[in-house]
Amino acid sequence: MDIKRVEQIMEKHGVDVMLVMGSTKFNSLYYLTRGANLGYAVFIKKLREKPILVHFDMERDNVAHLTDFETIPYSEMGLRELAKIKDPVESGVKRYSIFFEKFNIRGNIYMLSDHFDNNMVLILDELRKKYPNLNFVKIQKNLVTEVRRHKTKDEIDRIKEVGKKTQEALTELLEYMKTLTRDNGILKKNGEPFTIGMAKSFLRMELIKRNLLDAAGMIIAQGRDAGVPHNSGNDNEPMRTNTTIVFDIYPQEYGGGYFFDMTRTYSFGDPGKEVVQCYEDLREIQEEALNAARVGTEAKKIEEMVVDYFESKGYTTLRKDEKAQEGYIHSLGHGVGIAVHEAPRLSLYSDDVLEKGDVFTIEPGLYYPSKGFGMRIEDTVYIDESGETHNPTYLSKELVIE
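The working numbering applies: residue 29 is where the sequence shown begins, and numbers increase by one.
Below is the structure:
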């Protein structure tokens, strides 16, 4: 987390104080506390002042690395009396009042929590009445997400390391599958069918060996299921030959942290001429999109180029038919960080312009469930501080595994 970047975003939006609360299972607080493991905490950042973090006393060792913060245990805040208040709204108003007064919070305040319920709406109403000189800023964007978009070199290095290990793990699975028997499907040495569930279990173990976690789920889908973009695959289904198998893997650092996201489509044996032609087209436009992903480029322009290409080849797109269920029916990409999906967005409706520090996917796909196949190629790429785009996703894109 870059404090200067936080200040820049606050100033951009006219925010005097940022207050973020919750567990560090909440991505925004995890980011702001540089990966601290906290059951509940409150982060306070006033412009041109060091950050403040209020935390449980028993978690003091978990914040010891935050040497540029003022860290304050709850026992110093006088919050224990709040447990006697039965009304959650009254208790909430009192809690925030303690924070506002102890830290002399004034001006435009931006508040973010890992959960806003009806009580929180009522609490804010009461706080507005109690503090008429405080302006609770309404901003459509999550400001911490905006801060998180720009990755430092250290963050990019962590993402690259997750990517390296992810590709090692998938390679282990593919090499194992190459040793299996192909006889009306893919069979283990004892003649038992090798199922999608077995493939996922194998891959999860390889990820765990590398200190990665399948935190958000993975996709191994074949045939008709590969033709539905987010179908994760039927675990009980034996893996087949001569058909497309989509491997979409997006693990996270163990214990929370950075993700990597990649997809490869393979066929163990010849999937047929139509599939091969579709794949050649897909691979060609993915390469063009990768080459177009440069600093200063409007994200939607890259997507428009991809849509133009597919339409020129006769494929259906969502631009031509917004109800389409087959063809190019998925946006081009998304940012990757401590969430598997974050800014920037690469779609026809995105306002994002590619910047230094962006980490994002390029993942065109073609989907034909009625024909029994689907395919996607996805690389995670990044733009460094010099403005150069790099692609650390090196795994083979050859469709057919003989």
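Ideal placement from N, C-alpha and C gives every residue a C-beta, glycine not left out.
(request) In the DSSP assignment, find the beta strand (DSSP E) that holds residue 91 and state where it starts and stops. (result) To locate residue 91, count along the sequence shown from 1; it is residue 63. Counting along the chain, residue 91 falls outside any beta strand (DSSP E), and DSSP gives it neither H nor E.
(message) Using 7 Å as the threshold, is the C-beta distance between residue 226 and residue 293 below it?
(response) Mapped onto the sequence shown, residue 226 falls at position 198. Mapped onto the sequence shown, residue 293 falls at position 265. No, the Cβ-Cβ distance between residue 226 and residue 293 is not below 7 Å.
(request) Please state if the CB of residue 50 and the CB of residue 57 are separated by a distance shorter than 7 Å. (result) For the purposes of this step, residue 57 is taken as the residue at position 29 of the sequence shown. For the purposes of this step, residue 50 is taken as the residue at position 22 of the sequence shown. Cβ distance < 7 Å, so residue 57 and residue 50 count as in contact.
(message) Which same chain residues end up closer than 8 Å to residue 171 when comparing Cβ atoms and leaving out the 5 residues on each side of it in sequence?
(response) Within the sequence shown, residue 171 is the residue found at index 143, counting from 1. Only 37, 38, 41, 43, 46, 138 and 140 meet the Cβ criterion.
(request) From the DSSP output, in three-state form, read off residue 260 for me. (result) Here residue 260 refers to the residue found at position 232 of the sequence shown. Three-state result, residue 260: coil.
(message) Helix, strand or coil, according to DSSP, for residue 348 in the structure here?
(response) By one-based count along the sequence shown, residue 348 stands at place 320. Three-state result, residue 348: coil.
(message) Per the DSSP calculation, residue 356 is bridged to which residue(s)?
(response) Position 328 of the sequence shown, counting from 1, holds the residue named residue 356. Note: residue 356 sits in a beta bridge opposite 345.
(request) Output the distance between the C-alpha atoms of residue 382 and residue 324, rounded to the nearest integer angstrom. (result) Here residue 382 corresponds to residue number 354 of the sequence shown, with the count starting at 1. Here residue 324 corresponds to residue number 296 of the sequence shown, with the count starting at 1. Each residue's CA atom was taken as its position, placing residue 382 and residue 324 some 5 Å apart.
(message) I'd like to know if the region 88-101 and the region 109-122 are in contact, where contact means that at least 3 CB-CB pairs between them fall below 8 Å.
(response) no
(request) Please go through the region 63-130 and give each complete alpha helix (DSSP H) segment of 4 or more residues, from N-terminal end onward. (result) 116-130
(message) Quick test of your reading: residue 309 and residue 368, contact by CB under 8 Å. State the CB separation rounded to the nearest angstrom.
(response) Reading the sequence shown from its first residue, position 281 is the one you call residue 309. Reading the sequence shown from its first residue, position 340 is the one you call residue 368. Not a contact, Cβ separation roughly 27 Å.
(message) Distance check for residue 348 and residue 420, CA to CA, integer angstroms please.
(response) Residue numbering aside, residue 420 sits at position 392 when the sequence shown is read from its first letter. Residue numbering aside, residue 348 sits at position 320 when the sequence shown is read from its first letter. Whole-angstrom Cα-Cα distance: 33 Å.
(message) At the level of alpha carbons, what is the spacing between residue 332 and residue 391?
(response) Looking up residue 332 in the sequence shown gives position 304. Looking up residue 391 in the sequence shown gives position 363. So the alpha carbons of these two residues sit roughly 14 Å apart.
(request) Starting from the N-terminal side, write out each stretch of the alpha helix (DSSP H) that is 4 residues or longer and does not extend beyond the region 207-246. (result) 224-237
(message) By alpha-carbon positions, which one of 183, 280 and 124 ends up nearest to residue 155?
(response) The residue labelled residue 155 in the question sits at position 127 within the sequence shown. Checked all of 183, 280 and 124; the closest Cα to residue 155 is 124.
(request) Can you have a look at residue 282 and say buried or exposed, based on whether 16 or more other CB atoms are within 10 angstroms of its CB? (result) On the sequence shown, residue 282 is found 254 positions in, with the first residue counted as 1. With fewer than 16 Cβ atoms within 10 Å of its Cβ, residue 282 is classed as exposed.
(request) Could you tell me which of 251, 223 and 245 sits nearest to residue 266, measuring between CA atoms? (result) By 1-based counting over the sequence shown, the position of residue 266 is 238. Minimum Cα distance to residue 266 is reached at 223.
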